[in-house]
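There are 2 protein chains.
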Amino acid sequence: MTERAADVPAETRERILDAAEALFGERGFDSVSLRDITGQAEANVAAVNYHFGSKEKLVDAVVERHAGPINEERMRRLADAEERFEEGPVPVSEILDAFLRPVVDEIMKDPVTERVFCKFMGRIMSEQGYQLPESVKPLFQQMAAAFAQALRMARPDLSDQTVMWRMHYSFGVMSHTLMHSEKLEQISAGRSGNPGLEKLFDHIIEFCAAGFLAPEQGEEGQW
Amino acid sequence: MTERAADVPAETRERILDAAEALFGERGFDSVSLRDITGQAEANVAAVNYHFGSKEKLVDAVVERHAGPINEERMRRLADAEERFEEGPVPVSEILDAFLRPVVDEIMKDPVTERVFCKFMGRIMSEQGYQLPESVKPLFQQMAAAFAQALRMARPDLSDQTVMWRMHYSFGVMSHTLMHSEKLEQISAGRSGNPGLEKLFDHIIEFCAAGFLAPEQGEEGQW
DNA sequence: GTCTATAAAGGGATAGAC
DNA sequence: GTCTATCCCTTTATAGAC
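In order, the protein sequences belong to chains A and B. Numbering follows the numbering used here, with no gaps: position 215 of the first sequence is 215. Each number in the numbering used here comes from the position in the second sequence (counting from 1) with 1000 added on.
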């Protein structure tokens, strides 16, 4: 937004966004005060209201910074997969990959903020009562509808309801893992340290894709 | 704890616990004030400190009210399953059932608080930074270890790490679904309303058990 | 654009009457 | 065991100097 030299400490606005992202991911939106944020960002309390207008708008700004690019990339990858598999439906694992890979890529852009952003993403996906900013809602809903449609075509033998639930379960696995990636690293640290996000997400996709393979129990329309 | 007639409005202490459980589940621990709680419970602010000593201890009390019974029942059911399958390992779906069923039962005890407690449980399983009360920690760890052990025996072909991760994914599905059960009911309401918790959890177990069936990719010890 | 100072509201906790 | 009244702290937000 504003112009500045390359190797100078980030602008106040950016530092605030970074600090907010880290703290929100760690402790949630409500529990973090503006003082916590400006303290960590080495900025003044008043700077938040100067740059963003209010705490709520700061939350929106942090979300918007990533949500747009990620959802656009998801749509791109899904469309790309649909082209590659034009003869038949896209495999479930490819659909889940199109959903998750953009998150991994966004995290990888800056290794320093890797774990920070992991948790923040997980929190966005799971926080109760939190309302997505109006600016990203339409794209988000569009994206969710496209993925649901692709999954229905991938598993035409399943009822629509079952597909929706399993899509939801997959989101649950992803957000839960993002939020607790720290603890999990400790678990696996006994052997060879952090397995790396890429492998972790491959592992998640294997699990969820296998979950989609389960046959439907009972008659259709049981829901 | 205290004696009272059967058909009289619940004691203040109980009303506070009920209100706290509902509000904590809805909005998290930090975002809910004691005034929110006592307002909903039709009690006085000072009553919280009289009955519980502090807000933190109130949180502990809400957790303790359910955590003990649920974890004990989990252990009982796992032990029971191990007896039934004494010739061989307990199937994954039986293990997951032993883990999840006590939650369903606890929820079912009082249909009124069904959705309330769903979300509260989901929040306990997912809230970052929240520390389990010391009084329930040992039982919790013991329980987690027993289930991990059972799952390893159920899938001896998988590496220990893979089993741990997949157990974690299953927890993710469960907590995410508990916390968002409301939204999901809306989705399925088009056809026949609330599918009922029992069916929902059967569905979750199918999904997770199928996830455990996925073959392990790459060599062992890749983590 | 960044600071200090302060306003205005709400938080947890407690003393003391009943 | 329950209430009122109050203390003291932190919160968000803003006004105004620099």
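Think of the CB as a built atom: it goes at the ideal place given N, C-alpha and C, for glycine as much as any other residue. Note that the structure is a prediction, hence the values are computed from the model and not measured.
Count the other CB atoms, across all protein chains shown, that sit within 10 Å of the CB of R84 (chain A); report buried if there are 16 or more and exposed otherwise. By the 10 Å Cβ count, R84 (chain A) comes out exposed.
Just to confirm before moving on: does the CB-CB distance between L1158 (chain B) and I1095 (chain B) stay below 8 Å? Between L1158 (chain B) and I1095 (chain B), the C-beta spacing is not below 8 Å.
Specify whether the stretch 160 to 168 of chain A and the stretch 142 to 151 of chain A touch according to this definition: at least 3 beta carbon pairs, one from each stretch, less than 8 Å apart. The stretch 160 to 168 of chain A, when compared against the stretch 142 to 151 of chain A, does touch it at the 8 Å Cβ threshold.
How long is the line joining the alpha carbons of D1110 (chain B) and F1117 (chain B), rounded to whole angstroms? Distance between the alpha carbons of D1110 (chain B) and F1117 (chain B) is about 9 Å.
At a Cβ threshold of 8 Å, is L58 (chain A) touching chain B? Chain B places no beta carbon closer than 8 Å to that of L58 (chain A), leaving this residue out of the contacts.
Do we get a CB-CB distance below 8 Å when we pair L151 (chain A) with the residues of chain B? For L151 (chain A), the answer is no, since every Cβ of chain B falls outside 8 Å of its Cβ.
Within 8 Å (strictly less), CB to CB, does R191 (chain A) reach chain B? Low confidence applies to R191 (chain A): its pLDDT is 44, below 50, so where it sits in the model is not reliable, and the reading given next is rough at best. Answer yes: the Cβ-Cβ gap between R191 (chain A) and chain B drops below 8 Å somewhere.
Under 7 Å between beta-carbons, which chain B residues line up against E206 (chain A)? List them in chain order, please. Residues of chain B passing the Cβ test: A1214, Q1217.
Which of the three DSSP states is assigned to V1008 (chain B) in this structure? Residue placement at V1008 (chain B) is flagged as unreliable, the pLDDT there being 48, under the threshold of 50; a coordinate-derived value is accordingly withheld.
For chain B, check one thing: does any of its Cβ atoms lie closer than 8 Å to the Cβ of S175 (chain A)? Yes, its Cβ sits closer than 8 Å to a Cβ of chain B.
For F1201 (chain B), I'd like the list of residues in its chain whose CB is within less than 7 Å of its CB, leaving aside the five on either flank, ordered along the chain. Contacts found: L1100, V1104.
Check the Cβ-Cβ distances between D1080 (chain B) and every residue of chain A, and say whether any is below 8 Å. Proximity of D1080 (chain B) to chain A, defined by a Cβ-Cβ separation below 8 Å, is not satisfied.
What would DSSP say about P1069 (chain B), mapped onto helix, strand or coil? Helix, per DSSP.
Using only the alpha-carbon positions, how far apart do P91 (chain A) and F52 (chain A) sit? Cα to Cα, the separation comes out at about 43 Å.
Any idea what DSSP makes of G190 (chain A), helix, strand or coil? With a pLDDT of only 46 at G190 (chain A), under 50, the local geometry of the prediction cannot be trusted, and the value read off the model is given with reservation. In this structure, G190 (chain A) counts as helix in the three-state DSSP scheme.
Can you find the residues in the same chain that come closer than 8 Å, C-beta to C-beta, to D60 (chain A), ignoring five residues on each side of it along the sequence? Closer than 8 Å at the Cβ level, and outside the excluded window around D60 (chain A), lie P133, S135.
Y169 (chain A): first and last residue of the uninterrupted alpha helix (DSSP H) it sits in: In this chain, the alpha helix (DSSP H) harbouring Y169 (chain A) covers 160 to 179.
Reduced DSSP category for Y1130 (chain B) - H, G, I as helix; E, B as strand; rest coil: In the structure shown, Y1130 (chain B) falls within a coil segment according to DSSP collapsed to helix, strand and coil.
Assumed close pair G25 (chain A), K119 (chain A) - CB separation to whole angstroms, cut-off 8 Å: With a Cβ gap of about 4 Å, G25 (chain A) and K119 (chain A) count as contacting.
Under 8 Å, Cβ to Cβ, is there at least one residue of chain B near F171 (chain A)? Chain B contact via Cβ: present.
Which listed residue (A:E72, A:A146, A:A214, A:D97) has its alpha carbon closest to that of H1203 (chain B): If we check each option's Cα against that of H1203 (chain B), A:A214 comes out closest.
Distance between P89 (chain A) and F212 (chain A) (C-alpha atoms, nearest Å): F212 (chain A) and P89 (chain A) have their C-alpha atoms spaced approximately 14 Å apart.
Considering R1101 (chain B), what are the terminal residues of the alpha helix (DSSP H) in which it resides? For R1101 (chain B), the enclosing alpha helix (DSSP H) has its first and last residue at 1092 to 1108.
In the stretch 1015 to 1046 of chain B, which residues sit with their C-beta less than 7 Å from some C-beta in chain A, listed in chain order? So the list reads E1026, R1027, G1028, D1030, S1031, given in the order they occur along the chain.
Amino acids of chain B, ordered along the chain, whose beta-carbon sits closer than 7 Å to that of R166 (chain A): Those are F1207, listed as they occur along chain B.
Is it the case that the Cβ atoms of L1034 (chain B) and V1045 (chain B) are separated by a distance below 8 Å? The answer is yes: Cβ separation under 8 Å.
Output the distance between the C-alpha atoms of E56 (chain A) and R1077 (chain B), rounded to the nearest integer angstrom. One alpha carbon belongs to E56 (chain A), the other to R1077 (chain B), and they sit about 46 Å apart.
By the three-class DSSP mapping on this structure, what secondary structure does A214 (chain A) have? In the three-state DSSP reduction, A214 (chain A) falls in the coil class, being neither helix nor strand.
Less than 8 Å between the beta carbons of A1047 (chain B) and I1016 (chain B), yes or no? Yes, the Cβ-Cβ distance between A1047 (chain B) and I1016 (chain B) is below 8 Å.
Count the other CB atoms within 10 Å of the CB of M174 (chain A); is the residue buried (16 or more) or exposed (fewer)? Buried.
Where L1023 (chain B) sits in the DSSP three-state scheme: In the displayed model, L1023 (chain B) falls within a helix according to three-state DSSP.
Would you say G88 (chain A) reaches chain B, if we count a Cβ-Cβ gap shorter than 8 Å as a contact? Taking Cβ atoms only, chain B never reaches closer than 8 Å to G88 (chain A), which makes this a no.
Counting only Cβ pairs nearer than 7 Å, list the residues of chain B close to A210 (chain A). Per Cβ cutoff of 7 Å: A1210, G1211, L1213, A1214.
Status (buried if at least 16 other CB within 10 Å, exposed otherwise) for G1196 (chain B): In this structure G1196 (chain B) is exposed. Its beta-carbon is surrounded by fewer than 16 other beta-carbon atoms within 10 angstroms.
Quick one: is H203 (chain A) near chain B, going by C-beta distance under 8 Å? Yes - at least one Cβ of chain B is within 8 Å of the one on H203 (chain A).
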